[in-house]
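Worksheet: the structure to be examined is printed underneath.
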Amino acid sequence: LAAQTKMSYIISALEKSDYSVEVVSPVVSADNRFCKGKVMPVGKQSRLHLFDAWPRNPRLLRVMGRYITDFQVFFYLLRNLKKTDTLILYHGLAQMKKIQWLKKHINFRLIMEIEEIYGNVTGDDALTQRELAYFRLADGYIFPAKRLNEKVNGESKPYVLIHGTYRAEQERTGRVEDGKIHCVYAGTLDPNKGGAVMAANAVRYLPSKYHLHILGFGATPDIENMKKLVAELSNCCAAGISYDGCLQGEDYITFLQRCHIGLSTQNPQAAFNDTSFPSKILSYMANGVEVVTVRIPVVEESAVAEHLHFYDQPTPEAIAQAIASVELTGEGQNGRAALTRLDQVFTKDIKTLLEEAL
Numbered sequence: 004l005a006a007q008t009k010m011s012y013i014i015s016a017l018e019k020s021d022y023s024v025e026v027v028s029p030v031v032s033a034d035n036r037f038c039k040g041k042v043m044p045v046g047k048q049s050r051l052h053l054f055d056a057w058p059r060n061p062r063l064l065r066v067m068g069r070y071i072t073d074f075q076v077f078f079y080l081l082r083n084l085k086k087t088d089t090l091i092l093y094h095g096l097a098q099m100k101k102i103q104w105l106k107k108h109i110n111f112r113l114i115m116e117i118e119e120i121y122g123n124v125t126g127d128d129a130l131t132q133r134e135l136a137y138f139r140l141a142d143g144y145i146f147p148a149k150r151l152n153e154k155v156n157g158e159s160k161p162y163v164l165i166h167g168t169y170r171a172e173q174e175r176t177g178r179v180e181d182g183k184i185h186c187v188y189a190g191t192l193d194p195n196k197g198g199a200v201m202a203a204n205a206v207r208y209l210p211s212k213y214h215l216h217i218l219g220f221g222a223t224p225d226i227e228n229m230k231k232l233v234a235e236l237s238n239c240c241a242a243g244i245s246y247d248g249c250l251q252g253e254d255y256i257t258f259l260q261r262c263h264i265g266l267s268t269q270n271p272q273a274a275f276n277d278t279s280f281p282s283k284i285l286s287y288m289a290n291g292v293e294v295v296t297v298r299i300p301v302v303e304e305s306a307v308a309e310h311l312h313f314y315d316q317p318t319p320e321a322i323a324q325a326i327a328s329v330e331l332t333g334e335g336q337n338g339r340a341a342l343t344r345l346d347q348v349f350t351k352d353i354k355t356l357l358e359e360a361l
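Counting from 4, one number per residue, gives the positions in the sequence shown under the working numbering.
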C-alpha cells in the first residue's frame with residue numbers, strides 16, 4: 004500500500020511537468036480468480052498496464068502464475084523499451100536479474116526508486132551486497148533519506164529526496180468527538196519490523212481516555228496474532244484498543260482524519276532504520292494528525308522533524324508517555340502546510356532529475 008501511494012504521488016508530480024507515464028505492474032491476483040490483463044488510466048494523462056494474474060490456490064498454480072506474470076512484464080519491457088526511454092523502477096528483489104539483463108542489452112536510462120535495502124531488513128549480508136552492486140546500474144536515484152544516498156550513491160549520480168507523499172489531503176471529516184483521544188497505528192504487521200506489536204502494548208500504560216486503532220496489513224499469521232493480542236489487551240487495559248483491518252483510498256483517509264494522534268513505532272536498532280524513512284509519518288501529517296515517532300537519525304534529520312513528537316526508548320511505556328504528552332492544539336494543520344511546500348520543491352527536483360539523466 005505504501006508503495007502504491009508513493010508511486011501514485013510521483014506520477015502526479017511528473018504530470019505537473021507535462022510528462023505522461025506508462026506504468027507497468029507485475030501485481031498478482033489477491034484471491035482465487037483469474038484476472039485478465041488490461042490497460043487503464045491513472046492520473047490525468049498516464050496509463051497502467053496490468054498483466055494476466057492467476058488464482059492464489061492451489062499453491063502450484065500460484066507459483067506458476069507468479070513466474071508467468073513476471074515474464075509477461077519482462078517481454079513487454081523487452082519489446083517496448085528503447086535506448087532513448089527513461090525507466091523509473093521501484094526497487095524489488097523479484098525483478099533484479101531481469102532489469103540487469105535489459106539494461107545491459109538496451110541501455111535505456113534507469114532511475115531507481117529505492118525505499119530500503121531489503122538485505123538490511125532480513126539481516127542477509129550477502130543479499131545486501133548484491134543489492135548494492137545492482138544499484139550501481141542506475142543513472143539516477145529517488146531516495147527517502149540522505150543516509151540512503153550516502154550508502155548507495157558512491158559515484159555521486161543525480162538524485163532527489165522524497166520522504167513520502169507530499170500531498171496534503173483536504174478535510175473530509177472532523178475528529179471523533181466522543182470524549183476520547185483516538186490514536187492510530189497504520190502500517191505493516193511484519194514482526195521483523197516490530198512496530199505494530201510495540202504500539203499495541205502501549206495501551207497497557209494509557210488511561211481510559213485513550214483508544215488505539217491498529218490498521219495493519221501482512222501475512223495471515225501476522226494478522227491472526229495481532230487479533231489475539233488486541234483481544235488480550237482489551238480485557239486487561241483501561242485504554243481501548245481495536246484492530247480495524249486494512250483500509251485503502253478514501254476509507255483510509257477518512258479514518259485517519261477522525262483520529263488525533265498517529266504512531267510511527269519501530270525498532271531503532273534495526274539496520275534498515277538507518278536508511279529507510281517511515282512513510283506513514285507523512286500519511287498522518289497529510290491528514291492533519293499529530294505524529295508520535297521513535298527518535299532515529301533519518302527522521303530527526305528530515306525536513307519535517309520540527310512537526311513531530313519524539314520518544315527515545317523503544318518500549319511501550321515510552322510510547323505511552325509520548326502520547327500522553329501531546330497537546331492537541333491544532334498543530335497538525337501546520338504539518339499540512341509543510342507538505343504543500345515540500346510538494347513544490349519535489350515537483351521541481353524530479354523534473355531536474357529526469358533532465359540530468361538524459
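Think of the CB as a built atom: it goes at the ideal place given N, C-alpha and C, for glycine as much as any other residue. This one's a predicted model, so the numbers in the text were calculated from it and none came from an experiment.
Residue interval of the beta strand (DSSP E) (run including residue i)
i    : result
I217 : 213-220
C262 : Unbroken run through C262: none, as it is neither H nor E.
K41  : 41-45
C249 : From DSSP, C249 is part of no beta strand (DSSP E); its letter is neither H nor E.
H310 : It is not in any beta strand (DSSP E) - H310 carries neither H nor E in the DSSP assignment.
Y144 : 143-146
E25  : 25-28
I91  : 89-93
T223 : Looking at the DSSP string, T223 is not in any beta strand (DSSP E); the run it does join, the alpha helix (DSSP H), is 223-239.
H108 : Careful: H108 lies outside any beta strand (DSSP E), inside the alpha helix (DSSP H) at 99-109.
Y121 : Where Y121 is concerned, there is no enclosing beta strand (DSSP E), although the alpha helix (DSSP H) it sits in stretches over 121-125.
R298 : No beta strand (DSSP E) holds R298; DSSP gives it neither H nor E.
R170 : Where R170 is concerned, there is no enclosing beta strand (DSSP E), given that its DSSP letter is neither H nor E.
S49  : 49-53
Under 8 Å between C-beta atoms of residue i and residue j
i    : j    : result
P29  : D88  : no
L215 : I244 : yes
V31  : V76  : no
R207 : L236 : yes
A203 : T191 : no
L90  : L84  : yes
I165 : I145 : yes
R36  : P44  : no
H263 : V307 : no
D225 : D193 : yes
V187 : G252 : no
N152 : Y162 : yes
R344 : M288 : no
Residue i, buried or exposed, once every other Cβ within 10 Å from all chains shown has been counted against 16
i    : result
H108 : exposed
W104 : exposed
M201 : buried
K39  : exposed
C240 : buried
N290 : buried
M115 : buried
E134 : buried
E358 : exposed
Q269 : buried
S282 : buried
E118 : buried
V66  : exposed
G68  : buried
L356 : buried
L342 : buried
Terminal residues of the alpha helix (DSSP H) in which residue i lies
i    : result
F138 : 128-138
H185 : Taken as a continuous stretch (DSSP letters only), H185 belongs to no alpha helix (DSSP H), being part of the beta strand (DSSP E) at 184-191.
Y70  : 62-83
I114 : It is not in any alpha helix (DSSP H) - I114 instead sits in the beta strand (DSSP E) that spans 112-116.
L285 : 283-289
For residue j and residue i, believed in contact at Cβ under 8 Å, the rounded distance
i    : j    : result
A33  : Y93  : Not confirmed; about 19 Å, so no contact.
L311 : I284 : 7 Å
E174 : Q260 : 7 Å
A205 : P58  : Contact flag wrong, Cβ pair sits at about 40 Å.
Y255 : Y12  : Contact flag wrong, Cβ pair sits at about 14 Å.
F280 : G167 : 7 Å
G46  : S15  : 6 Å
T257 : T176 : 5 Å
L140 : L113 : 6 Å
S305 : A189 : That pair is no contact at about 19 Å.
K183 : K212 : 6 Å
Beta-carbon proximity list for residue i, same chain, < 6 Å, skipping 5 on both sides
i    : result
S328 : none
K160 : G143
D346 : Y169
K101 : F77
L17  : V24
L209 : A242, A323
G122 : L130, T131, E134
G298 : The sequence shown places Arg at residue 298, rather than the Gly named in the question. These residues qualify, in order along the chain: F313, D315.
C1   : The chain is shown from 4 up to 361; residue 1 falls before or after that span and cannot be answered.
Residue i CB to nearest heavy atom of the ligand HEM below 7 Å
i    : result
I120 : For the ligand HEM, the structure offers nothing, since it holds no ligand at all.
Cut-off 8 Å between Cβ atoms - residues of its own chain near residue i, not counting five sequence neighbours on either side
i    : result
Q316 : none
N337 : H310
Beta-carbon contacts of residue i that lie in its chain and below 7 Å, excluding the five residues immediately before and after
i   : result
M10 : Y93
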